[in-house]
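Numbering (the working numbering), first residue to last: 9 to 129.
For glycine and all other residues, C-beta sits at the position ideal for the given N, C-alpha and C.
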Amino acid sequence: MEKAINSLQEKYNSDFSEAKAVIFEYIFKETKQRMETKKIYKQYRKKLRRILDAYDEIQELKKDVEEIHAGVVREISQKHSLLLYRTEVSPRTVLPFLNPDISGWMNFYKEYRDIKEYLEK
C-alpha cells in the first residue's frame, strides 16, 4: 500500500512539474506575442536609442567643457604665470552626472535618483 502511495505521489509530482513548465511557457509566449502586437518592443528600442543618443550628446558637452577650460587657462596664462596654481578642472565637477567609473561602469540606479533630485531643485 505504501509503495502504491509513493508511486502515485511521484507521478503527481512529475505531472505537476510538467504542468508548471507548460503553463510558464504559455504565459511567457502569450505575453511576448501581446507585446509584439502592441509594438512594445519597437517602442522600447526607440526609447533606448533616445537614451543612448542623449548620453552621447552629454559626452559631447563634456568635451566642450574641456575645450572651454583649455581656452580659459590659455588666455590667463598669456598674461600671468600659472605654474604655482592648480588649473585642472574636470568636466565631472562641472557636469557631475552620467560619468562611468574607472572600469567604465555606471551605477545608473544611484545616478537616476541623483539626477531626479538635481532637476527638482
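- When DSSP states are grouped into helix, strand and coil, N107 belongs to the coil group.
- In the structure shown, the three-state DSSP call for H88 is coil.
- Taken through DSSP and simplified to helix, strand or coil, V97 comes out as coil.
- Bounds of the alpha helix (DSSP H) holding M43 are E10 to T45.
- The count of Cβ pairs closer than 8 Å, one atom from the stretch 100-110 and one from the stretch 67-74, reaches three, so the stretches are in contact.
- As the crow flies, the alpha-carbon of L56 is around 10 Å from that of A62.
- In this structure, DSSP gives G112 a state outside helix and strand, which the three-state scheme calls coil.
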